[in-house]
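Counting from 1, one number per residue, gives the positions in the sequence shown under my numbering.
Using N, Cα and C, we set each Cβ at its ideal position, and we do this for glycine too.
Given the structure is predicted, the values throughout are model-derived calculations rather than measurements.
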Amino acid sequence: MIKDIICFNENGANIVRKLNSAAKEAGIECANTFYCNADNARDGFESIGLDDFARRGFSEGHALIFVGAVGIAARAIAPYIKDKLTDCPVIVIDDGGMFAIPLLSGHAGSANKLAAIIAELIGAIPVITTSTDVNGAFSADVFAVENRLAIQNREGIKKVSAKAIEGKPVTISIKDYPPEEPVDIILADETDREYSLLLRPKEFVVGIGMRKGKDANDAEEFVLGKLREAGIKTEDVYAIATIDIKAGEPAIRAFSTKYRIPVIGFEADLLNKAAGDFTPSEFVKETVGVDNVCERAAALAAGSMGKIICKKTKGEGITLAIARRRI
């Protein structure tokens with residue numbers, strides 16, 4: 001989704017309008033509200049301070065798109081940069097619409113991919129500077145993101161990337177298939193063998209049922225609290241599962257975006273076919289057509305070999321269950 005865009009003059013505003021039109025034509029979800037710097041208010045754009053724009057974007061985890069100079073974007077985001085694996089993606093487009101530049105989180109936040117999409121939409125050139133991409137080499141962090149794997153030792157990313165850039169083969173071992181020789185990447189829960197990078201499959205599915213219009217901050221606090229109680233980190237969550245009519249609920253979308261966890265929505269008929277012993281609710285059944293959303297959704301998303309490890313718990317306008325996938 002293309003959501004938070006800011007521009008600083010009429011040329012930039014025209015680029016924003018062009019991007020919005022092209023995105024909608026391509027079926028890409030785009031925000032209905034765009035922003036301009038508070039000193040450059042114009043029709044159809046909401047005025048916002050540059051620092052407020054950057055701070056909110058980093059807080060919510062959305063990609064930030066600046067239509068203007070790289071220096072403006074760099075200064076705006078500098079106070080909020082913390083971690084290459086969790087910082088929000090940042091893209092800069094010059095106000096002539098010639099270049100789309102992923103400035104931050106090119107791999108972990110998929111800014112490189114988004115910049116390429118934007119460039120295609122507006123007829124610009126994507127300016128990709130990450131070394132593995134420039135050299136056409138294997139990228140360990142992209143591999144982890146695309147395969148929903150949690151990085152356990154971030155220092156290993158540099159080791160593997162350096163080897164790939166040098167043109168050396170990168171070897172991978174998967175749990176239950178131990179190699180005869182040391183390898184570069186291990187996919188396992190734990191290992192005492194020599195390796196450069198340890199990746200762990202994301203084990204947990206969070207099933208959520210939610211009342212329409214639930215406050216996003218309250219929902220986030222509730223979910224994080226239950227994960228802490230279960231000793232689970234957000235980076236180990238494979239997916240959020242719910243009924244399809246709730247998958248677009250703003251509070252669920254906000255949590256998904258901020259913590260980079262995909263949402264899986266199931267139709268009521270499919271949820272009703274889930275196998276297991278679930279906590280029923282007649283009210284929920286009358287409302288959405290299934291007697292339990294959170295447990296059934298978690299069970300389905302975890303697969304036939306998965307297991308519910310946290311039964312339905314209730315909050316104000318929200319229910320939650322946790323399932324563990326069999327890896």
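{"Check": "Taking only three categories from DSSP, how would you classify Pro102?", "Outcome": "strand"}
{"Check": "Who does Gly315 pair with in a DSSP beta bridge?", "Outcome": "Ile318"}
{"Check": "Under the rule that 16 or more other beta-carbon atoms within 10 Å means buried, what is Lys312, buried or exposed?", "Outcome": "buried"}
{"Check": "By DSSP's criteria, Tyr35 is part of a beta bridge. Which residues make up the other side?", "Outcome": "Ile6 and Glu46"}
{"Check": "Would you report the Cα separation of Leu199 and Ala239, rounded to the nearest angstrom?", "Outcome": "17 Å"}
{"Check": "Would you check if the segment 274–282 and the segment 234–254 touch, i.e. whether three or more CB-CB distances between them fall below 8 Å?", "Outcome": "no"}
{"Check": "Less than 8 Å between the beta carbons of Ile151 and Ile157, yes or no?", "Outcome": "yes"}
{"Check": "If I'm right that Ile174 touches Leu320 with Cβ under 8 Å, what's the distance once you round it to whole angstroms?", "Outcome": "Not really, about 31 Å apart at Cβ, beyond 8 Å."}
{"Check": "Between Gly317 and Arg211, what straight-line distance do the alpha-carbon atoms span, to the nearest angstrom?", "Outcome": "5 Å"}
{"Check": "Below 8 Å on the Cβ atoms is my contact criterion, and I expect Ala100 with Ala115 to pass it. Report the Cβ-Cβ distance as a whole number of Å.", "Outcome": "4 Å"}
{"Check": "What is the rounded straight-line gap between the Cα of Ile327 and the Cα of Thr86?", "Outcome": "24 Å"}
{"Check": "Compare the beta carbon distance of Thr411 and Tyr259 with 8 Å and say whether it is the shorter of the two.", "Outcome": "The requested residue 411 is not part of the displayed model; the chain covers only 1 to 327."}
{"Check": "Does Pro201 come within less than 8 Å of chain D when only Cβ atoms are used?", "Outcome": "This model lacks chain D altogether; it includes just one protein chain."}
{"Check": "Going along the chain, which residues of its own chain have a beta-carbon closer than 6 Å to the beta-carbon of Leu196, five neighbours each way excluded?", "Outcome": "Note that residue 196 is Ser in the sequence shown here, rather than Leu. Cβ neighbours of Ser196 beyond the five flanking positions: Gly156, Lys159, Val160 and Asp184."}
{"Check": "Out of Phe204, Pro262 and Ile91, which has the shortest C-alpha to C-alpha gap to Lys307?", "Outcome": "Phe204"}
{"Check": "Whole angstroms is fine: what's the gap from Pro262's alpha carbon to Glu282's?", "Outcome": "29 Å"}
{"Check": "With H, G and I counted as helix, E and B as strand and the rest as coil, what does DSSP make of Lys18?", "Outcome": "helix"}
{"Check": "Measuring straight from C-alpha to C-alpha, what distance separates Ala119 and His62?", "Outcome": "19 Å"}
{"Check": "Pick helix, strand or coil for Cys294, following the three-state DSSP scheme.", "Outcome": "helix"}
{"Check": "What's the C-alpha gap between Val284 and Gly109?", "Outcome": "36 Å"}
{"Check": "Only counting the same chain, and skipping five residues up and downstream in sequence, which positions put a Cβ closer than 8 Å to that of Ile72?", "Outcome": "Phe8, Leu50 and Phe66"}
{"Check": "Please name the residue or residues paired with Ile128 in a DSSP beta bridge.", "Outcome": "Partner(s): none; Ile128 has no beta bridge."}
{"Check": "What separation, rounded to the nearest whole angstrom, lies between the Cα atoms of Asp218 and Lys226?", "Outcome": "13 Å"}
{"Check": "Rounded to whole angstroms, what is the Cα-Cα separation between Ser304 and Gly68?", "Outcome": "50 Å"}
{"Check": "In whole angstroms, give me the CA-to-CA distance for Cys310 and Ala230.", "Outcome": "8 Å"}
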